[in-house]
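For the protein sequence lines, the chains are A and B, in the order given. Sequential numbering of the first sequence, starting at 440, is according to our numbering. Sequential numbering of the second sequence, starting at 440, is according to our numbering. Cβ atoms here follow ideal geometry from the backbone N, Cα and C, with glycine treated the same way.
There are 2 protein chains.
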Amino acid sequence: VADSDVLDQARALLRGASHGALATLDRNDGAPVATLVAFASDRDASPLLLLSDLAEHTKNLAGDPRASLLIDGTQGLAERLTGPRLTVIGRLERCDSTAALERYFRRHPGSAMLRDFADFHLYRLVVERAHQVAGFGRIDAIAGADLTVATELLRDLAGMEAGAIAHMHDDHQDALDLLAGARAGQQAQLTGIDADGLDLSIGEEPHRAAFATRLGCASDLRAAIAALTRAVREKSAENNAG
Amino acid sequence: VADSDVLDQARALLRGASHGALATLDRNDGAPVATLVAFASDRDASPLLLLSDLAEHTKNLAGDPRASLLIDGTQGLAERLTGPRLTVIGRLERCDSTAALERYFRRHPGSAMLRDFADFHLYRLVVERAHQVAGFGRIDAIAGADLTVATELLRDLAGMEAGAIAHMHDDHQDALDLLAGARAGQQAQLTGIDADGLDLSIGEEPHRAAFATRLGCASDLRAAIAALTRAVREKSAENNAG
């Protein structure tokens, strides 16, 4: 098992990014083909993609569902190859879950028009393995089961999500506004809770607030949100003081 | 043949970018694997990569040299999938050309230390075909021969490059400084000329000045540099006036 820093970074890349490079196998000659895609992460951290039947990669997947997704956390660095990136490898399967589709659109509100396009369908990358390059020469293999959220934790969190969201809005709207970076007059919405953090939005604009590390069990949720809020509040106070 | 606007855009992406997503075939199970790489373009526009024997993608290439490179021109756009990106598909072959290696290091001066690493070798992507997505639903197939520079033009330009570089420094240093965006006290170096534009540098920092379209023949070079300089001068005057 990769150590916990490696896993924290891999999960943060997966949850934090909105676009990646998809590799598929050319349907005619089997060549590896890289294309740009938008994605969201499902509750369990599996990447969700909305693909057109007309796109090259989708036609490739019809022939062979094997695929990988490169998530590049190096943009903006002067020496990009010293920065972190993650390749998630598995199979892309059609996904008919309405909850997953809504999760996708919350992450990509600008794609809302695609709801009405008959050739677009949701796919889920069933993660088998991953490898992460955390910088020059620092390469780690990661098992799929360490990247996605364990079934029991997933189920427990799903059971408490609606209540926790209502509680946060009722009693801690100020914390939500802080976590989403709301400005005066704006009000943040908490749209989802998963084992790695909170999905927030201001209007249609999505914001992600990540826990420092994945929850060990669902009962850690309250403490994790409190710690996250405290960290953001301290950082905000420092910035104001500086 | 793709129309000339499509080719201009594809060549500009290839010449302008410094990093891309490489897709290779996993050496064990043949799965498509996407990884981040730095690249430069050779004189003929073929991508040049400097890869470590220790990297996953290099081990994959030892098993099967087929590869593709995604060049993403969408970064910074609010709706990235409306922006341009190019996938170049072919075979990655070891390249022992010193000129090509120097071209690579001019583009990536921060990688100079890799000269002393015995496990790093230069590779050249022999382009077979490409496809470009120029925005939502605008997809074009491009033949490799339309992306790379024709042999005759390549040879003619190579024959006049050294003389043209000397002439530009002797008589048109002001134009070079303008094209490289030099500030007061800085002096630009013209380090290379190819059919799509000029490679410049200020100190070790590389700058690319692209012609509006690829040269038809080597005798177009003088007019193309003049047109490029005029365009940059007009834009600079506009900015100063605005």
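Check                                                                                                                    : Outcome
For R418(B), three-class secondary structure by DSSP                                                                     : Residue 418(B) falls outside the range modelled here, since chain B spans only 440 to 681, and no answer is possible.
T463(B) beta carbon near the ligand FAD (any heavy atom closer than 7 Å)                                                 : Among the components modelled here there is no ligand, and therefore nothing to report on the ligand FAD.
Three-state class that DSSP yields for E643(A) in the structure shown                                                    : coil
Below-8 Å beta-carbon distance, I528(B) vs any chain A residue                                                           : yes
Segments assigned alpha helix (DSSP H), at least 4 residues, entirely inside the region 490-578 of chain B               : 495-502, 537-546
Limits of the unbroken alpha helix (DSSP H) element including V588(A)                                                    : Element bounds for V588(A): n/a, residue is neither H nor E.
is_contact[V445(A), chain B] using C-beta, thresh 8 Å                                                                    : no
Under 9 Å from the C-beta of E495(A): neighbouring residues of chain B                                                   : T526, H570, V572, I578
Where D483(A) sits in the DSSP three-state scheme                                                                        : coil
8 Å Cβ cutoff, G549(B) in contact with chain A                                                                           : yes
Alpha-carbon spacing of L561(A) relative to L531(A), whole angstroms                                                     : 10 Å
First through last residue of the alpha helix (DSSP H) which encompasses G455(B)                                         : 443-455
Neighbour flag for T590(A) against chain B, beta carbons, 8 Å                                                            : no
Bridge-paired residues (DSSP) for T652(A)                                                                                : According to DSSP, T652(A) bridges with nothing at all.
Against chain C: residues of the region 456-482 of chain A by CB proximity under 9 Å                                     : Structure shown: chain C not included; protein chains present are A and B.
Helix, strand or coil at A634(B) [DSSP, three-state]                                                                     : coil
Inter-stretch contact at 8 Å, needing at least 3 Cβ pairs: the region 458-476 of chain A / the region 597-608 of chain A : no
Cβ pair E495(A), H608(B) closer than 8 Å                                                                                 : no
Neighbour list for Q626(B) in chain A, Cβ cutoff strictly below 7 Å                                                      : Result: empty, since nearest Cβ-Cβ is about 22 Å, beyond 7 Å.
Delimiting residues of the alpha helix (DSSP H) encompassing A680(B)                                                     : 660-680
Alpha carbon of G459(A) to alpha carbon of A663(B), nearest angstrom                                                     : 36 Å
L475(B) versus A456(B) - alpha carbon distance                                                                           : 13 Å
Proximity to E644(A) [Cα-Cα], best of R653(A), G574(A), L629(A)                                                          : L629(A)
Reduced DSSP secondary structure (H/G/I, E/B, other) of A460(A)                                                          : strand
Contact with chain B by R546(A), beta-carbon distance below 8 Å                                                          : no
Min CB distance Q448(A) to chain B below 8 Å                                                                             : no
Range covered by the alpha helix (DSSP H) that runs through A614(B)                                                      : 612-619
For G631(B) and S550(A), the rounded distance between their alpha carbons                                                : 42 Å
Within-8 Å CB hit, E518(B) to chain A                                                                                    : yes
A605(B) - DSSP class collapsed to helix/strand/coil                                                                      : helix
Interface residues of chain A facing L509(B) [CB-CB closer than 7 Å]                                                     : A460, A473, T474, L475
A657(B) - DSSP class collapsed to helix/strand/coil                                                                      : helix
Where A597(B) sits in the DSSP three-state scheme                                                                        : helix
D638(B) beta carbon less than 8 Å from that of A568(B)                                                                   : The sequence shown places Arg at residue 568(B), rather than the Ala named in the question. No, the Cβ-Cβ distance between R568(B) and D638(B) is not below 8 Å.
Chain B within 8 Å of R563(A), Cβ atoms only                                                                             : no
For N679(A) and A619(A), the rounded distance between their alpha carbons                                                : 17 Å
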